[in-house]
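Residue 22 is where the sequence shown starts when you use my numbering, and the numbers rise one by one after that. Note that the Cβ used here is the ideal one computed from N, Cα and C, for glycine as well. These notes concern the structure reproduced below.
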Amino acid sequence: MPKKRKFEHLCFFFFFPFVISIFTVFSLFVYFDWLTILIGLKKKKKKRTQESEGNDRTSLALPGVQNQLISSIANVTTGPIILVLLSGGCVDVSQWQQDSRISAILWAGYPGMFGGLAIFDVIFGEVNPSAMLTQTWYLNSYVNHVLMTDMNMRPSSSNDGNPGRGYRYYPGSVNYPFGYGLSYTSFSCSVQNHTTTSITIKVNNLKSIPGSTPVLAYWAPTNAGARGLPLKRLIGFDKIFVDAQAAKDTTLNFYSEFIISGEINTSGTFTCETLK
């Protein structure tokens, strides 16, 4: 629990000239051992909002001078830096994901009036995070390959067309994949048994911290990605709590609509893996 907290408004939003004094940056670390920087998109009902209903983004990069702000702070400080990202959709933060000066990146969505308390609890270990991303987080270069008027999920047959959308159809590199999420503990999994309609997974908590984790079941066709077939498809999921250094089984029932329609064949080989 921190003994002292200090807030500085370092960037007067995205459209003003970027001004940050070295004195201000150093003053933050005179009293504190680490720094949390809130970054992201503006969501207000004004003309300059980055994302809202009826407003299509043309870039997935952090808008304005936020990258310069982070870089300037990282260049003159030695303590840990935590980035808290406020946005509804994906933002390309790969630059900071790969930067050793950034200790952690926490996506908080638009958490509302109690969001600060929730962010505080996660950063200080009061809560063990267990969420996973509900969408694919693309690199900013992705927008250069898809026309805004092209609503197709499947990739185009031409080499210069739509490369595909989402975890089902996009085979390229991404910032974070669908279903990605971190925890203060580590899990491993193994297949116990399966039928054509369900699968039982054993989940092991490998550390001394209890925690919850989603368990996702995917189906991948033999010719994944060919002739319009998906690379894989989510067919079942669950979320379970596992005590520290303990194990628990969970049975995932495959979605009935896939089984009844005969769209998928679940008589193949089952494997188990964890996303890092």
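| Check | Outcome |
| --- | --- |
| Beta-carbon spacing of I285, I256 below 8 Å | yes |
| Buried versus exposed, by CB contacts within 10 Å (16 or more), V212 | exposed |
| Local Cβ density within 10 Å of F275, reported as buried at 16 or more and exposed below that | buried |
| Cα-Cα separation between P84 and N96, rounded to whole angstroms | 20 Å |
| Residue(s) in a DSSP beta bridge with P235 | K260 |
| Contacts around N306, its chain only, beta-carbon distance under 8 Å, and the 5 residues preceding and following it disregarded | Absent from the structure is residue 306, since the part of the chain shown begins at 22 and ends at 297. |
| First through last residue of the alpha helix (DSSP H) which encompasses D270 | No alpha helix (DSSP H) holds D270; the beta strand (DSSP E) holding it covers 268-274. |
| Identity of the residue in T290, A247, G61, S92 nearest T217 by Cα | T290 |
| Distance between T292 and E72 (C-alpha atoms, nearest Å) | 39 Å |
| Under 8 Å between C-beta atoms of F199 and T170 | no |
| Assigned exposure category for N173 - 16 Cβ within 10 Å defines buried | exposed |
| Nearest residue (CA-CA) to S209, options S108, T295, G232, L106 | T295 |
| Helix, strand or coil at R254 according to DSSP, with G and I counted as helix | strand |
| Every unbroken alpha helix (DSSP H) inside the region 134-202 [4 residues or more] | 136-144, 187-190 |
| V97 - DSSP class collapsed to helix/strand/coil | helix |
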